[in-house]
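Here is the structure we will look at, set down as structure tokens.
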Amino acid sequence: MPTTLHLLWRTFFLSPTTTRTLTKPITTLRPPTFHLHPQFQPFTTSPISTKMALPKTTPQVSISTTGPPSLLTYTPSSPLPTPPKGHALVRNAFIGINYIDTYFRSGLYPIASFPFVPGREASGVVVAFGPDTSPPSATKDGKGVVEVGSRVAYLHTATYAGHTVVPVEALVPVPDGVGDEVAAASLLQGLTALTLIREAHRVERGDWVLVTAAAGGVGGWLCQLLRAVGARTIAVASSEEKRGLARENGAEVAIGYGEEDREKFVEEVLGITGGEGVAAVFDSVGKATFDSVLKVVRRKGSLISFGNASGAVEGFALGRLGAKNVRLMRPTLFNFIATREELLGYAEELWGFVERGEVKVHIHEIYPLEDVVRATVDIESRKTTGKLLLKP
């Protein structure tokens with residue numbers, strides 16, 4: 001029987017562009033520490049559990065139909081939602097903007113009903129629990145609980161708002177060493193990258209690994225995490241500016257795609273790796289790069305295809321994998337974090353990388369929530385580098 005969290009991920013995050021028990025970590029983590037926000041008192045149960053006076057309204061962004069960014073409507077005083085059983089109300093501090101948000105707004109992905117509040121990622125403070133709701137565990141080992149006043153990050157729908165109702169199983173505690181801005185900018189892209197190198201292909205120290213779209217959101221996380229675990233990264237990016245960013249993020253080598261000569265690209269990668277090829281390719285481009293990156297995977301290596309920015313791969317003959325016994329995988333994030341233990345285990349590891357300074361989270365700009373149209377136009381321009389955030 002699927003868990004509630006598993007069903008939530010299937011409903012909201014399984015898509016062509018999105019990216020199990022944890023294996024032994026490469027790095028040793030110190031336990032994270034958590035503290036309540038100072039204005040809150042310890043949690044006790046009540047019909048709707050809270051220790052503060054809640055506002056009657058909250059700001060919100062919504063659409064009534066799909067189309068261009070101009071349809072995004074900011075409402076400063078929408079009715080405050082009430083959490084049902086099994087849910088919490090989170091006062092959002094910062095909201096992560098992700099490209100998948102534009103797919104729903106534009107109509108590329110279906111929307112069940114209108115009005116629709118976009119958004120899939122945020123950080124904030126728990127301000128209330130629904131009736132008869134037990135606080136969820138705060139660690140993967142079941143130690144402590146998330147309380148009213150706890151700082152959290154989460155992946156769920158309807159985050160373009162001052163407050164969001166969130167299933168308690170989706171709440172991820174944020175340790176003291178991680179700021180609210182960083183928490184909102186980290187969870188979706190960071191967990192995607194971390195699960196890719198831990199489970200999609202278990203990267204080992206000294207492995208050569210190739211990352212396409214290396215200056216993008218997940219690509220930047222991959223370059224930094226791969227450096228942290230001792231891998232050697234070949235970053236692929238479309239401009240010298242982006243290749244420079246990939247090198248700053250830890251790539252040992254940065255090259256172009258070889259748009260005019262794909263065979264030259266293959267020769268370059270094989271030359272870098274001494275003719276052997278790479279242990280793994282993490283590819284989010286899809287159709288335009290699939291054939292050439294398959295050629296540079298070493299014998300018994302992996303091709304991890306987790307995105308299709310250039311279009312979906314079509315007409316692929318599985319027999320081609322037999323030439324080098326290449327493993328091909330199309331992972332989605334929710335299948336790696338379908339249980340609360342898995343979600344918190346990966347989140348705790350992710351926060352550890354951030355707290356130790358092994359990953360730097362670059363935030364391009366923080367926009368007021370009422371400037372959501374400008375923020376959306378900026379992310380769709382693909383000219384930004386780093387994470388875009390909204391602040392209610």
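In full-length UniProt numbering, the protein residues as written are 1 to 392.
Glycine included, C-beta positions come from ideal geometry on N, C-alpha and C.
Using the beta-carbon count (16 or more within 10 Å), is E199 buried or exposed?
Residue burial annotation: E199 is buried, with at least 16 other C-beta atoms found within 10 angstroms of its C-beta.
Residues near S64 in its chain [Cβ-Cβ closer than 6 Å; skip 5 each side]:
F114, P115
Just the Cα atoms here: how many angstroms apart are A338 and A184?
20 Å
DSSP state of residue 448 mapped onto helix, strand, coil
Residue 448 is absent from the model: the chain starts at 1 and stops at 392.
For S134, does the three-state DSSP call read helix, strand or coil?
coil
With DSSP as the reference, label E268 as helix, strand or coil.
helix
Separation of S77 from P368, as counted between CA atoms:
15 Å
Got a sec? Which residues, its chain only, sit under 8 Å from G286 by beta carbon, not counting five neighbours each side?
S305, G307, N308, A309, S310, G311, A312, V313
Rounded to the nearest angstrom, what separates K383 and S134 at their Cα positions?
44 Å
Kindly give me the distance between the Cβ atoms of S146 and P131, rounded to whole angstroms, as I take these residues to be in contact under 8 Å.
Reading off the sequence, residue 146 comes out as Val, not Ser. Wrong, their Cβ atoms sit about 17 Å apart, outside the cutoff.
I want to know whether the stretch 202-214 touches the stretch 225-237 - three or more CB-CB distances under 8 Å.
yes
Cβ of H87 within 7 Å of Cβ of V165?
Yes, Cβ-Cβ distance for H87 and V165 is below 7 Å.
Indicate whether R151 and V168 have their beta-carbon atoms separated by less than 7 Å.
no
Of the residues F336, L54, E355, which one's Cα is nearest the Cα of H201?
F336
Could you give the DSSP three-state label for R30: helix, strand or coil?
With a pLDDT of 45 at R30, under the threshold of 50, the modelled position of this residue cannot be trusted, and the question is left open.
Could you check what DSSP says for I304 in three-state terms: helix, strand or coil?
strand
What's the gap between the Cα of T195 and the Cα of P173?
19 Å
Distance, G219 Cα to E268 Cα
20 Å
Distance CB(A246)-CB(C223) smaller than 7 Å
yes
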